[in-house]
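*Asks:* The structure under discussion is supplied below as structure tokens; questions concerning it will follow.
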Amino acid sequence: MKELAIILATGKLGILTVPLTGGSFAGGGWTPEEWWAVRSPRWSHIGGWVQHADHIANEVPAGATAEEMLGPRAPECYSSLLLKKPVEGKSSFTIAASFDHLMAPLIVLAPAGSMVPAEGEALEYREHFEIVLCNEGINVWHHEYGNGAPRWHLAAGITMELRPKTIYELEVSTDFSASQPQMIVRCNGMEFRYSEPDLPERYHWGFTGCEGVNRFYSWELRRDENK
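Its first residue numbered 19, the sequence shown is counted upward by one per residue in our numbering.
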């Protein structure tokens with residue numbers, strides 16, 4: 019547990035105790051056993067990861083062009099990891115990530131208990147949220163599942179220029195103190211929030227690499243003790 023110094027409303031220095039979890043994705047710097055491998059319900063592919071000296075990258079098909087990975091070979095580029103331990107109430111999750119071409123490293127928020135078994139020890143998503151970085155900005159997609167098929171819609175987003183082969187810190191927070199739950203997104207000095215009535219109070223954080231080579235350098239989870 020890590021203590022953070024803050025200035026209270028009284029003007030006095032106080033201590034806010036916030037449990038912190040996270041670390042580097044450098045070789046030997048993280049524990050794969052803390053994470054589930056999860057596939058998209060759109061495809062049967064269960065993606066893996068390539069370990070580099072200071073980061074991990076999603077597996078992509080050998081010899082595929084950047085355009086093919088955005089199109090017909092996109093299913094072969096999807097790799098996703100979800101923290102096994104859920105959180106409850108307010109929290110925030112941050113990744114440091116980059117993309118080689120146009121897109122699309124992303125943070126996942128999935129309701130606890132919503133995933134279903136896939137092959138081996140892998141799972142498959144049902145309802146979940148994706149907060150996605152791409153060259154044109156950030157999109158929040160709400161994925162749902164019904165009548166045996168997935169569906170999704172754009173819940174929120176912002177247009178901004180993000181460059182390939184540049185490391186960005188993407189932070190997503192939940193807030194249940196307002197009349198409706200809110201999701202807050204921060205990146206590159208920008209912040210936006212929106213009301214999300216379907217935001218679950220108990221959920222898992224994770225991340226996905228897809229639609230090209232995505233690189234993940236570190237992650238951090240902050241949990242609000244007061245929820």
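Each residue gets a CB set at the ideal place from its N, CA and C atoms; glycine is no exception.
1) Below 8 Å, how does it come out for the stretch 66-73 and the stretch 200-220: are there three or more Cβ pairs, yes or no?
2) Going by DSSP, what residue range makes up the alpha helix (DSSP H) through Met208?
3) If we count the other Cβ atoms within 10 Å of its Cβ and call it buried at 16 or more, is Thr112 buried or exposed?
4) How long is the line joining the alpha carbons of Asp118 and His160, rounded to whole angstroms?
5) In terms of residues, what are the limits of the beta strand (DSSP E) holding Met87?
6) Less than 6 Å between C-beta atoms, sequence neighbours within five positions excluded: which residues of the same chain meet that for Glu162?
7) Does the beta-carbon distance from Glu189 to Ser110 come in below 9 Å?
8) Tyr221 to Val158, Cα distance in whole Å?
9) Using 8 Å as the threshold, is the stretch 226-239 in touch with the stretch 120-134, meaning 3 or more CB pairs across them?
10) What I want to know is whether the C-beta of Cys152 ends up closer than 8 Å to one or more non-hydrogen atoms of the ligand MG.
11) Going by C-alpha distance, which of Ala136, Tyr143, Ser116 and Ala115 is nearest Ala128?
12) Tell me whether Pro228 sits in a helix, a strand or coil according to DSSP, three-state version.
13) Can you say whether Asp216 is buried or exposed, counting buried as having 16 or more other CB atoms within 10 angstroms of its CB?
14) Do you know how far the Cα of Pro104 is from the Cα of Leu67?
15) Please say whether Met178 and Trp54 have beta carbons closer to each other than 9 Å?
16) Express the C-alpha separation of Glu139 and Gly230 in angstroms, rounding to a whole number.
*Replies:* Reading off the structure:
1) Short answer: they don't touch.
2) Not the alpha helix (DSSP H): Met208 falls in the beta strand (DSSP E), residues Met208 to Ser213.
3) Thr112 comes out buried.
4) When rounded, the separation of the alpha-carbon atoms in Asp118 and His160 is 25 Å.
5) That residue, Met87, is in no beta strand (DSSP E); its alpha helix (DSSP H) goes Ala84 to Leu88.
6) Within its own chain, the residues whose Cβ lies closer than 6 Å to the Cβ of Glu162, once the five positions on either side in sequence are excluded, are Glu145 and Arg169, listed in chain order.
7) Yes.
8) Just so you know, the alpha carbons of Tyr221 and Val158 end up roughly 16 Å apart.
9) As far as the Cβ criterion goes, the stretch 226-239 touches the stretch 120-134, which means the pair count is three or higher.
10) What this structure holds is no ligand at all, so the ligand MG is not there to describe.
11) When each option's Cα is compared against that of Ala128, the closest is Tyr143.
12) Reading off the sequence shown, one finds Cys at residue 228, where the question assumed Pro. Of the three classes helix, strand and coil, the one that applies to Cys228 here is coil, per DSSP.
13) Exposed: under 16 other Cβ atoms inside 10 Å.
14) In the sequence under discussion, the amino acid at residue 67 is Trp, which differs from the Leu named in the question. Computed Cα separation, rounded: 22 Å.
15) At a Cβ-Cβ threshold of 9 Å, Trp54 and Met178 do not count as neighbours.
16) Those two C-alpha atoms are separated by around 25 Å.
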